[in-house]
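Taking it in order: structure first as structure tokens, then the write-up.
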Amino acid sequence: MLIHQILKDKNLEGVATVKPGSKVAAAAQLLSEKKIGAVIVSNDGVHPAGILSERDIVSELGKVGTGCLDQPVDDLMTAKLITCAPGDRAIQVLQTMTEGRFRHMPVMEGDEMVGLVSIGDVVKARLEELSQQADALKNMIMGY
1 MLIHQILKDK NLEGVATVKP GSKVAAAAQL LSEKKIGAVI VSNDGVHPAG ILSERDIVSE
61 LGKVGTGCLD QPVDDLMTAK LITCAPGDRA IQVLQTMTEG RFRHMPVMEG DEMVGLVSIG
121 DVVKARLEEL SQQADALKNM IMGY
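If you count by full-length UniProt numbering, then the sequence shown holds residues 1 to 144, one letter each, in order.
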């Protein structure tokens, strides 16, 4: 399974973004409202400057307390993004996320973001793929 197959049910409008300089509190509110785990930091919604996850916020809360909510997202975001492309294999993306211990990956075509996949999206797609393979093997054995 390829990443573009996972994205077919998702779109760029579904990617939550905040502008650089936004307060962490505003990003946390957006995460809570949308029930998501990460937001992309971007001026235009297409060219990501970084990613801010709920884990980033909780980690900073543990270090400095609630004062971090007044900080700009730029201070907490991961600026060095690890990305994938629509043609990448889902299993490779899953491995990269697992090894890197992160759960969200921007999908890029050139320098433009075309989507965002979560580890849940990729695991779900992989399970569906394995189920289809099992069904195909069963049908072969049964002679269908």
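From the three backbone atoms N, C-alpha and C, an ideal C-beta is built for every residue, glycine too.
Suppose contacts are defined by Cβ-Cβ distances below 8 Å. Is residue i in contact with residue j by that definition?
{"i": "residue 151", "j": "I3", "result": "Residue 151 lies beyond the range of the chain shown here (1 to 144); nothing can be said about it."}
{"i": "L61", "j": "K23", "result": "no"}
{"i": "V122", "j": "I51", "result": "no"}
{"i": "G115", "j": "V15", "result": "yes"}
{"i": "D107", "j": "T83", "result": "The question names Asp, but residue 107 in the sequence shown is Val. Yes, Cβ-Cβ distance for V107 and T83 is below 8 Å."}
{"i": "V58", "j": "V41", "result": "no"}
{"i": "E129", "j": "M1", "result": "yes"}
{"i": "G21", "j": "D75", "result": "no"}
{"i": "M97", "j": "I119", "result": "yes"}
{"i": "G54", "j": "L81", "result": "A small fix is needed here, since residue 54 is Glu in this sequence, not Gly. No, they are not a contact pair."}
Alpha carbon to alpha carbon, how far is residue j from residue i? Give it in angstroms, no decimals.
{"i": "Q133", "j": "L127", "result": "10 Å"}
{"i": "K8", "j": "E109", "result": "15 Å"}
{"i": "P72", "j": "K63", "result": "16 Å"}
{"i": "A136", "j": "Y144", "result": "9 Å"}
{"i": "Q100", "j": "V117", "result": "Inspection of the sequence shows that residue 100 is occupied by Gly rather than by Gln. Rounded to the nearest angstrom, the two C-alpha atoms are 15 Å apart."}
{"i": "Q95", "j": "R103", "result": "11 Å"}
{"i": "A25", "j": "T66", "result": "9 Å"}
{"i": "D56", "j": "M140", "result": "48 Å"}
{"i": "G45", "j": "S131", "result": "35 Å"}
{"i": "E33", "j": "K124", "result": "23 Å"}
{"i": "D88", "j": "H47", "result": "20 Å"}
{"i": "Q92", "j": "Q29", "result": "32 Å"}
{"i": "N43", "j": "K138", "result": "50 Å"}
{"i": "M105", "j": "A27", "result": "18 Å"}
{"i": "P86", "j": "A49", "result": "19 Å"}
Going by DSSP, which residues form a beta bridge with residue i?
{"i": "S59", "result": "DSSP lists no partner for S59."}
{"i": "T78", "result": "I51"}
Starting from residue i and walking both ways along the beta strand (DSSP E), at which residues does that stretch end?
{"i": "L116", "result": "112–118"}
{"i": "M105", "result": "104–109"}
I need the boundaries of the alpha helix (DSSP H) containing residue i, first residue and last residue.
{"i": "G100", "result": "90–100"}
{"i": "L7", "result": "3–7"}
Start-end ranges of the alpha helix (DSSP H) lying completely within the UniProt domain "CBS" (11–71), minimum 4 residues: 24–34, 54–64
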